[in-house]
Amino acid sequence: MEIVKEEISFTSDHLILKGLLYYPLPKNEYFGILFIHGGGKYTSSRYLKWQAFLAQNGYSSLSFFCRGVGNSEGDFADSSLANRLKDSQQALAFFKNSGAVDPSGIALCGSSMGAPVAVRLLEQNKRIKAIIVQSAAAYAKEAENIPLNVQFTQTISVPNSWQNSPVWEILEIFRGNLGVFYGQEDKIIPEGIKQRYRQLIKQGEFWEIKNGQHKLLAPTNNLEEKAEQELFSRSLLFLSRSFV
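1 is the number of the first residue of the sequence shown in full-length UniProt numbering; add one for each residue after it.
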């Protein structure tokens, strides 16, 4: 199957954000997925292989850099969970109007810090039928508007502060499919967070990937590459069950 990788841009708070749109040819309104990255100052997208894999299997996808990350405009010091939610909402709006996705057939996927951002998108977008949270974090409500600096780190480092995260209430009432994927060797995310996401699955699945680390999309050896491929395969199965 021939696929297209298209560099795109859109605005959020007057900043130009950059992304990559993948879709099979001919261009059509396929089922698709919006990827929301985690924390850190990435210089290149970690979703390229995943997006190519999904396109080869008939799905479109959009990944993008939030403000201050990659080749998007903005200052990383201005980045916060609240601002990343704004950026993600604009990315979703762009994706819906791209002509490469069925607006009623979009799933979300948030990685690590991007997972709670993806969940927050569900509040504003009731038609979303499926969401994947991969290596998912969760943060205290008090951290929402704090820039991603030392103060943010101090706030989320308070023991069990994640328990009042807004994501739990949102997922309590979500009636779509929830896929929760962690690497078996993920030592970054507290076990309590993993199990809380698991408890909130009404439809969907919880899957721990053998030999997978927290950074499932940044493998450093053959075993981790196999874990990454398993993530891709499980996500494809999840999407096929979500859009029937």
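For glycine and all other residues, C-beta sits at the position ideal for the given N, C-alpha and C. Owing to the predicted nature of the structure, the values given are computational and were not obtained by experimental measurement.
About 11 angstroms separates the beta carbons of I128 and L178, which is beyond the 8 angstroms limit, so they are not a contact pair. Leaving aside the five residues that flank K194 on each side, the residues in its chain whose CB is nearer than 7 angstroms to its CB run, in chain order, Y182.
Comparing alpha carbon positions, the residue from L85, Q203, P190 and H37 closest to N125 is L85. Taking the Cβ atoms as the reference, S104 lies roughly 34 angstroms from A140, outside the contact range of under 8 angstroms. With respect to the C-alpha of L17, the residue from Q229, G212, L239 and G70 having the closest C-alpha is G70. Setting aside the 5 residues that flank it on each side, F174 is surrounded in the same chain by L122, each with a C-beta closer than 7 angstroms to its C-beta; the list follows chain order.
Per the C-alpha coordinates, the member of A227, G114, E144 and C66 positioned closest to V133 is G114.
The Cβ neighbour count for K96, taken over all protein chains shown within 10 Å, is at least 16; the residue is labelled buried. Linking L15 to E191 through their CA atoms gives a straight-line distance of about 37 angstroms. For F53, DSSP records no beta bridge to any residue. A218 and K210 have their C-alpha atoms spaced approximately 15 angstroms apart.
Only buried fits E228, as 16 or more other CB atoms lie within 10 angstroms of its CB. Under DSSP, S12 forms a beta bridge with L15.
Here D186 is buried. Its C-beta has 16 or more other C-beta atoms within 10 Å. Checking the DSSP bridge columns, you'll see Y47 has no partner listed.
It is roughly 10 angstroms from the alpha-carbon of L81 to the alpha-carbon of A118. A direct Cα-to-Cα measurement between W50 and F232 gives close to 6 angstroms. Looking at Y59, G212 and I201, the one whose alpha-carbon comes closest to that of E225 is G212. Shortest Cα-Cα distance from L108 to any of D87, A143 and L62 involves L62. Take the alpha-carbon of P26 and the one of A100: they are about 9 angstroms apart.
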